[in-house]
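What follows is a set of notes on a single structure, which appears directly below.
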Amino acid sequence: MKILQAAQIREIDRYTIENEPVASIELMERAAKKCYEWIRRHMKHKRQVRVFCGMGNNGGDGLVIARMLAGTGHQVTVYKVQHTTTASEDFTMNEKRLAGVKNLHYQTIHEGEPFPEIADDDLVIDALLGSGLARPLEGLLAAVVQHINSARAVVIAIDFPSGLFCEDNRENNEKHIIRADYTLTFQLPKLAFMFASNEQYIGFWYLIDIGLHPDAIRRAETKYHYLQASDIRSLYRGRKRFAHKGHFGHAYLMAGSYGKTGAAVLAARGAIRSGLGLLTVQLPSCGYDVIQTAVPEAMCVPDEQAHFVSEVADLEGFHVVGTGPGIGTNEQTARALKLLIQNTAVPMVLDADALNILSENLTWCGFLPKGSVFTPHPGELDRLAGKSGNDHDRLDKAVELAHRFQVHIVLKGAHTVVIAPDGRCYFNSTGNPGMATGGSGDVLTGMIIAWLAQNYSTLHSCLMAVYLHGRAGDLAANRKGYEGLIAGDIIEQIPKATKTTLRK
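Per my numbering, the sequence shown runs over residues 5 to 508.
Here you go:
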């Protein structure tokens, strides 16, 4: 699914109106009805509804929603915020349709007038501006936003929280942005939804399909995408009846150190559960018994050192190399990583301490084999690319780093993003807060090397692993809850996640 800029969405609106064809006011009615239906399903206990409307088309959406809610027995008050002298044509037409509607009170708010009281158990609907804002709010609109934010009522933003920019909020004024509990956004997600810093404004967001023209969406160009099950399903090649383990690749994993053998186990089990044919794990000799017991399906090459990895095994016959989980940053381990990079001709997946070592030796990145992957969390990316002041800045730096070293970057977070060397960004739609637990990233590393070993492209391997990792985490959370979820629970749900996602 595409993530488009506000200007592109406006163009798709225009195309839909001209080519469906449908009148602009009827498209507004359609969009507002979908929002009304969502509100009726999820906010049944709310009787007093306060709808704050700007004078553009977002305000028009609010007027339609208000009319529909009043028509089904809700007590509704509409506040037209007089922030300009002219209103949009569709707003004006829907304003006239409110005449005579029962259960609905209409009021205009002018500059300098007192604002209405908002009770804790009211439902507030933000239909002030929606998407497309280009500069921070000021004056009356900013004051109304601050008034709404000072209340404790549930707030639903229609299409987009008023005051928030759809893309880059680095120059915005955070005091003048609606803090919504829910955002009902039209047709496609917005880039701002992908950043943790905007959660306080967006709350939980839901896509509302308003039937924008598919041809216009298909033609729109963007480097931002939102991963869904259909995207992953289209990549899967299936297995032939006479397939054998040799068809699904042999992966080499260098992982673990004294006290961190568990990281090697988790990465290995994540790989084994993701369709990999063969796995060889190199780890310190102190972990030999552990890995042979915990992952009997894997072969093991014990290092000559007892507590850390210090050497590189013969790499002949491997289809992918993974390293980083639990290896530490010992000087001999760093030298082994350098040799591994120099001697590897197949794609590498580098995670955790491998990235921390690279951050101190960035020149080594120039020798990485084609198709390699970095899997940093935000702190590791900051060490690689420099400190970031905000989420958007961090994404820009990750894109630049991917291009500079021609690697794919899997930047982990609530919406883990896969970044290709050409700048394309794929944000994940699966996963949950319960996955914020030690070892979750090790599992993901194993899953990526498994799909690479099965001869999927680097991009497709990252997309499949990231989506299925999040899906497995969601299945685990359904059983264990967020607080009780551990990395091993994610591994146990990988088969079900794979089966339910990839089934045709």
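Here a beta-carbon is modelled for each residue, glycine too, at the ideal position from N, C-alpha and C.
Residue i classed as buried or exposed, judged by whether at least 16 other C-beta atoms fall within 10 angstroms
| i | result |
| --- | --- |
| HIS217 | buried |
| SER135 | buried |
| LEU280 | buried |
| SER278 | buried |
| PRO193 | buried |
| LEU366 | exposed |
| PHE246 | exposed |
| HIS251 | exposed |
| ASP355 | buried |
| GLN111 | exposed |
| GLN346 | exposed |
| ARG273 | buried |
| GLY328 | buried |
| ASN23 | exposed |
| LYS416 | buried |
| ARG156 | exposed |
| ASP163 | buried |
| LEU343 | exposed |
| PHE371 | exposed |
Continuous beta strand (DSSP E) stretch holding residue i: start and end
| i | result |
| --- | --- |
| VAL447 | Element bounds for VAL447: not the beta strand (DSSP E) but the alpha helix (DSSP H), 444-457. |
| THR187 | 186-190 |
| THR81 | 79-85 |
| ASP130 | 127-131 |
| ILE160 | 158-162 |
| ILE423 | 421-423 |
Backbone secondary structure at residue i - three-state DSSP
| i | result |
| --- | --- |
| CYS429 | strand |
| VAL148 | helix |
| HIS597 | Here the chain comprises residues numbered 5 to 508, so residue 597 is not present and cannot be evaluated. |
| VAL411 | coil |
| GLN111 | strand |
| LEU168 | coil |
| MET5 | coil |
| HIS254 | strand |
| GLN52 | strand |
| LEU102 | coil |
| ALA402 | helix |
| ALA224 | coil |
| TYR19 | helix |
| TYR205 | helix |
| HIS217 | coil |
| VAL68 | helix |
| ILE29 | helix |
| TYR230 | strand |
| VAL212 | The question names Val, but residue 212 is Ile in the sequence shown. In this structure, ILE212 counts as strand in the three-state DSSP scheme. |
| ILE13 | helix |
Bounding residues of the alpha helix (DSSP H) (the contiguous stretch that carries residue i)
| i | result |
| --- | --- |
| ILE181 | Premise fails: ILE181 is in no alpha helix (DSSP H) and is neither H nor E. |
| ALA464 | Note that residue 464 is His in the sequence shown, not Ala. Note, HIS464: alpha helix (DSSP H), 462-484. |
| ILE498 | 491-506 |
| ILE276 | 265-276 |
Below-8 Å beta-carbon distance, residue i vs any chain D residue
| i | result |
| --- | --- |
| HIS114 | Checking the listed chains, one finds no chain D in this structure; it contains a single protein chain. |
Heavy atom of the ligand MN within 7 Å of residue i beta-carbon
| i | result |
| --- | --- |
| THR441 | Because no ligand of any kind appears in the structure shown, any question about the ligand MN cannot be addressed here. |
- request: Pair every Cβ in the segment 444-455 with every Cβ in the segment 303-316, then say whether three or more of these pairs are closer than 8 Å.
  value: Judged by Cβ distances under 8 Å, the segment 444-455 makes no contact with the segment 303-316, as fewer than three pairs qualify.
Can you list, in chain order, the stretches of the alpha helix (DSSP H) that have 4 or more residues and sit fully within the segment 336-381? Listed in chain order, the complete alpha helix (DSSP H) runs (minimum 4 residues) inside the segment 336-381 are 356-363.
Completely contained beta strand (DSSP E) runs for the segment 282-323, where each covers 3 or more residues
Taking only runs of at least 3 residues, the beta strand (DSSP E) segments lying wholly in the segment 282-323 are 282-287 and 303-306.
* Asked: Can at least three beta-carbon pairs, one atom from the segment 385-395 and one from the segment 338-357, be found at a separation below 8 Å?
  -> No, the segment 385-395 does not touch the segment 338-357.
May I ask you to verify whether the segment 144-153 touches the segment 82-93, counting CB pairs closer than 8 Å and requiring at least 3?
-> The segment 82-93 and the segment 144-153 touch, with three or more beta-carbon pairs separated by less than 8 Å.
Worksheet item: Can we say the segment 43-58 touches the segment 125-141, given the rule of at least three CB pairs closer than 8 Å?
Response: Touching, yes.
Notebook entry, point to check: Just checking, does the segment 21-36 make contact with the segment 106-118 on the three C-beta pairs under 8 Å criterion?
Noted result: By the Cβ test, the segment 21-36 is not in contact with the segment 106-118, since fewer than three Cβ pairs between them sit closer than 8 Å.
field: At least three beta-carbon pairs within less than 8 Å, the segment 431-438 to the segment 461-477
entry: Two segments are said to touch when three or more pairs of C-beta atoms, one from each, lie closer than 8 Å; by this definition the segment 431-438 touches the segment 461-477.
Can we say the segment 71-80 touches the segment 35-52, given the rule of at least three CB pairs closer than 8 Å? Enough Cβ pairs lie closer than 8 Å, so yes.
Determine contact between the segment 389-408 and the segment 450-458, defined as no fewer than three beta-carbon pairs at a distance below 8 Å.
The segment 389-408 vs the segment 450-458: no contact.
### Task
Could you tell me whether the segment 220-238 touches the segment 252-270, where touching means 3 or more Cβ pairs closer than 8 Å?
Not touching, per the Cβ criterion.
**OP:** Answer yes if the segment 201-210 comes into contact with the segment 184-191, meaning at least three C-beta pairs across the two stretches below 8 Å, and no otherwise.
**Re:** Yes, the segment 184-191 is in contact with the segment 201-210.
Would the segment 308-315 count as touching the segment 286-300 if we require 3 or more Cβ pairs under 8 Å?
With a cut-off of 8 Å, the segment 286-300 and the segment 308-315 count as touching, because enough Cβ pairs lie within range.
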